[in-house]
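Below you'll find the structure, written out as C-alpha cells, and then a few comments.
Residue numbers (this note's numbering), protein chains in the order written: chain A, 22 to 514; chain B, 22 to 85.
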C-alpha cells in the first residue's frame, strides 16, 4: 500500500549536508497525527516530551516514525466497529494485523527496524486486542525492547477497562504516552457501541457494561494525569450515535487532564464484517468530521493528523513499511546499532530550525495580506514539511486552511485507488478525485502532467507545481498573498 | 462434560488461555485446544465458563 519514503537516499549519504539534501526530496509523509501545536504553543516541558512523537505532535510527524508491534491480541471488550476475525495485509485501519508476534519476536523486529529506519522514535502497542488486558505480553515486550534501545519512546493504546490495574507499572516502565479510546460518557449511548465487556470474570451487557467502562476510563485518566503521563483520547465519530455527544466528551476529558483529543471517523465498510458495517451504519463525511473538530477546537487540544493506522504499522505515518519487516525476514540474532538514528537526529535538528524560520516568514506574509478570505489548500508531500510529491503518486493529500491569521493543518484526505494505477482516462477515477478534493481551492504538488492538469482544470480543480520542494507554509502564504493580498483588493476596488 | 474450541472460528487471540482457572487451554500447533480432562466448565470457580464469556467470536467456545 505504500507510498514508501525512499530511505536509500537518506542512508547512503555520509555527510549531514548530503542527508539534509536528501530529506528535502523525501522524508516522512507529512502532516496528520497529533497536536498541531509547535514549540511556541505548549509548555516547554510538554513540548520536549512530544516533539519526536509523530502520533502526538503534528510537527514531529514530518520527521519521525513510529512502529506498532502486534503482541497483544486478546481483548476484553466487543465494539460494534470491530470484527476480530477480519484481517488483511492491504487494509489500513486500527485493530488489523497480519502477523501476531511473541514479545521476543517483537524485540527482534524493533531492533531490525531501528537499524534500518533512522526516523524511528516511538514503539507503540495498540492491540490488535487490548494492550492492558493482554498485559503480560505488553510488559514483557517493553522490557525486552528498552534493554536494547533505551531511548525509544514507549506508548500504548487501550480501551481503558483494564488500564487502572497497570498505571503504576506503566509509570515504572517510563511509558510516557497513553491513548484511551473514549467514545462516550453516557451509558445509554455506550450500549449502542459496546454490546459487551468482560470484567471481573463475567460478561456485562447493556447500560451496565458501559457504565463500568466509563467509570474505569475516567479513574484511569485521572490517575495518569496525576502521574504526569501524557494521555490522548481517541473517539470514533459515529453519525447518529455519538456525533453530537462528542463535544461533551471533549470537555469532560479535558477537565480530567487529557492532553489531546483525537476524533476519528468511523470506518464501516460492510466487507470488514463489523456490526456497524453489516447494519448500514455510515461513517461521517469529511465536512461533518471537520465541523465537529472545529466545534471541539476550543476544548482539549485537538489532533487532526491521525491516520488510523494498523496495529502492526511500521514507518512514518501515512506510509506503512510493515511488509518489509515480516517475521520470516527478521534475523535470528540482531544487535542494535544506534549510529543511523543518532545521525538522523542531528539532521532533523537543523532542518527543523530552517522550517521554523520559514513558518515565521509565512505568518508575516499572511498577516500583511490583511484579507478576510479563508481557503483550503491540499498538499502532495512525502514529508519533511515540503511539497515534494508528484500529484499522481499521492495516496493522500494534506489539507491546510490559510487565512490572514496563519496556516493551520486541518486534516488529510485519502485518495481511493490512486489514479496513476487505474489510469487517468477512467471517469470513475476522476470523479473520485473530485469528491476527495471537495471544497479545496488549490492543490500544490511537486509535479503534474499537462494532460491530467487540463482535465482537472476543466473539472474546476486548480493544481500547481510552481512551488515544488518548497516548505508547505511558504508556498501557501505566497499563493494566498498573491490571490487575496493588497493587489487583489485593489483590483476588486 | 467439557468445553471445546471450534478451530475454524477461533482467532487465536489467547484470551481464553489466560482466563481459564484450570490451565486447561494451551497452544497445539498454532491453535488453542481445551484439555477435556482438566476442563470443569469453571464449576466451583466462576458462575460462567470463562472461555465462552471472553471469546470474541460467537459459538466458538462450546460444550463438547
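For glycine and all other residues, C-beta sits at the position ideal for the given N, C-alpha and C.
Please read all numbers here as calculations on a predicted model, not as lab measurements.
Subject >> Segment limits, beta strand (DSSP E) that includes residue 432 of chain A >> reply: Counting along the chain, the beta strand (DSSP E) containing residue 432 of chain A begins and ends at 427-435.
**OP:** Would you check if the segment 231-240 of chain A and the segment 290-301 of chain A touch, i.e. whether three or more CB-CB distances between them fall below 8 Å?
**Re:** Contact between the segment 290-301 of chain A and the segment 231-240 of chain A is absent: fewer than three C-beta pairs spanning the two stretches fall below 8 Å.
Original post:
To the nearest angstrom, how far is it from the Cα of residue 49 of chain A to the Cα of residue 89 of chain A?
Top reply: Confidence in residue 49 of chain A is poor, its pLDDT being 32 and thus under 50, which makes the residue's placement unreliable; the coordinate value appears in the next sentence. Taking the straight line from one Cα to the other gives about 17 Å.
Original post:
At what residues does the alpha helix (DSSP H) containing residue 211 of chain A begin and finish?
Top reply: Run containing residue 211 of chain A: 208-211, per the alpha helix (DSSP H) assignment.
Subject >> Rounded straight-line distance, which links the Cα of residue 466 of chain A to that of residue 402 of chain A >> reply: The alpha-carbon atoms of residue 402 of chain A and residue 466 of chain A are separated by roughly 7 Å.
Original post:
Could you give the distance in angstroms between the alpha-carbon of residue 76 of chain B and the alpha-carbon of residue 67 of chain B?
Top reply: The C-alpha of residue 76 of chain B lies about 16 Å from the C-alpha of residue 67 of chain B.
Subject >> 7 Å Cβ shell around residue 124 of chain A - same chain, five flanking residues per side excluded >> reply: 92, 158, 161, 162 and 165, listed in sequence order.
Subject >> DSSP-derived helix/strand/coil call for residue 277 of chain A >> reply: Three-state DSSP puts residue 277 of chain A in coil, outside helix and strand.
Original post:
Quick one: what's got a C-beta closer than 8 Å to residue 506 of chain A's C-beta in the same chain, skipping five residues either side?
Top reply: Counting only Cβ-Cβ distances below 8 Å, and skipping sequence neighbours, we find 389, 390, 391 and 392.
Original post:
With 16 other CB atoms within 10 Å as the buried threshold, where does residue 503 of chain A fall?
Top reply: Within 10 angstroms of the beta-carbon of residue 503 of chain A lie fewer than 16 other beta-carbons, which makes it exposed.
Original post:
Going by DSSP, what residues sit across from residue 34 of chain B in a beta bridge?
Top reply: Residue 34 of chain B is not bridged to any residue.
Original post:
Contact check, residue 408 of chain A vs residue 489 of chain A under 8 Å by CB: the rounded distance?
Top reply: 6 Å between Cβ atoms; contact.
Subject >> Beta-carbon proximity of residue 310 of chain A to residue 258 of chain A, cut-off 8 Å >> reply: When the beta-carbon positions are compared, residue 310 of chain A and residue 258 of chain A come within less than 8 Å of each other.
**OP:** Compute the Euclidean distance between the alpha carbons of residue 83 of chain B and residue 395 of chain A, then round it to the nearest angstrom.
**Re:** Between residue 83 of chain B and residue 395 of chain A, the C-alpha separation is close to 60 Å.
Original post:
Does the segment 343-353 of chain A come within contact of the segment 126-139 of chain A, defined as at least 3 CB pairs closer than 8 Å?
Top reply: Three or more beta-carbon pairs separated by less than 8 Å link the segment 343-353 of chain A to the segment 126-139 of chain A, which places the two stretches in contact.
**OP:** Could you work out which residues of chain B lie near residue 96 of chain A, taking near to mean beta carbons separated by less than 9 Å?
**Re:** Residue 96 of chain A reaches chain B at 34, 36, 75 and 77, counting residues in chain order whose Cβ is nearer than 9 Å.
**OP:** Spell out a yes or no on whether the segment 476-493 of chain A and the segment 24-34 of chain B are touching, meaning 3 or more CB-CB pairs, one atom from each, closer than 8 Å.
**Re:** Segments in contact, no.
**OP:** Measure from the C-beta of residue 24 of chain B to each C-beta in chain A and report whether the shortest distance is under 8 Å.
**Re:** Residue contact check for residue 24 of chain B against chain A: no CB pair falls below 8 Å.
Original post:
Beta carbon of residue 468 of chain A, beta carbon of residue 412 of chain A: below 8 Å?
Top reply: It is a contact, given that the beta carbons lie within the stated cut-off.
Original post:
With burial defined as no fewer than 16 other Cβ atoms inside 10 Å of the residue's Cβ, what is the status of residue 226 of chain A: buried or exposed?
Top reply: Taking all protein chains in view, the Cβ of residue 226 of chain A is surrounded by fewer than 16 other Cβ atoms within 10 Å, so the residue is classified as exposed.
Original post:
Cβ atoms of residue 40 of chain B and residue 62 of chain B: under 8 Å apart, would you say?
Top reply: Between residue 62 of chain B and residue 40 of chain B, the gap from beta carbon to beta carbon reaches 8 Å or more.
**OP:** Look at the alpha carbon of residue 83 of chain A and the alpha carbon of residue 432 of chain A, and state the distance between them as a whole number of angstroms.
**Re:** Taking the Cα positions, residue 83 of chain A is about 14 Å away from residue 432 of chain A.
Subject >> Spatially closest choice to residue 196 of chain A from A/436, A/74 and A/422, by CA coordinates >> reply: Checking every option, the nearest Cα to that of residue 196 of chain A belongs to A/74.
Subject >> Within chain A, the residues that residue 130 of chain B reaches when beta carbons sit closer than 8 Å >> reply: As displayed, chain B neither begins before 22 nor continues past 85, which places residue 130 of chain B out of reach and without an answer.
**OP:** Select from the segment 53-71 of chain B all residues with a C-beta closer than 7 Å to any C-beta belonging to chain A, and list them in chain order.
**Re:** Those would be 67, 68, 69 and 71, in chain order.
**OP:** Spell out whether any CB of chain B is found under 8 Å from the CB atom of residue 150 of chain A.
**Re:** Residue-level contact by beta carbon holds for residue 150 of chain A and chain B, with a gap shorter than 8 Å.
Original post:
In whole angstroms, what is the alpha-carbon distance linking residue 59 of chain B and residue 44 of chain B?
Top reply: In this structure, the straight-line span from the alpha carbon of residue 59 of chain B to that of residue 44 of chain B is close to 8 Å.
Original post:
To which residues does DSSP link residue 85 of chain A through a beta bridge?
Top reply: Answer is none; residue 85 of chain A lacks a bridge partner.
**OP:** Note down the Cα distance separating residue 80 of chain A from residue 71 of chain A, rounded to an integer number of angstroms.
**Re:** Those two C-alpha atoms are separated by around 10 Å.
Original post:
Using a beta-carbon distance below 8 Å, is residue 136 of chain A in contact with chain B?
Top reply: So no, residue 136 of chain A is outside the interface.
**OP:** May I ask you to check if the CB of residue 81 of chain A is nearer than 7 Å to at least one heavy atom of the ligand PLP?
**Re:** Only the bare structure without any ligand can be found here, which leaves the ligand PLP out of the picture.
Subject >> Classification of residue 442 of chain A by the beta-carbon crowding that lies within 10 angstroms, buried from 16 upward >> reply: At residue 442 of chain A, the pLDDT of 45 sits below 50, so the modelled position is not reliable; the number obtained from the coordinates is stated separately. Exposed.
Subject >> 7 Å Cβ cut-off: residues of chain B touching residue 476 of chain A >> reply: Contact of residue 476 of chain A with chain B by beta-carbon distance below 7 Å is absent, the smallest such distance being about 45 Å.
Subject >> At least 3 beta-carbon pairs within less than 8 Å: the segment 213-225 of chain A vs the segment 247-255 of chain A >> reply: By the Cβ test, the segment 213-225 of chain A is not in contact with the segment 247-255 of chain A, since fewer than three Cβ pairs between them sit closer than 8 Å.
Original post:
So what's residue 106 of chain A in DSSP terms, helix, strand or just coil?
Top reply: DSSP places residue 106 of chain A in coil when its eight states are reduced to three.
Original post:
Going straight from the alpha carbon of residue 53 of chain B to that of residue 99 of chain A, what length do you get?
Top reply: Spanning the alpha carbons of residue 53 of chain B and residue 99 of chain A requires a straight line of approximately 20 Å.
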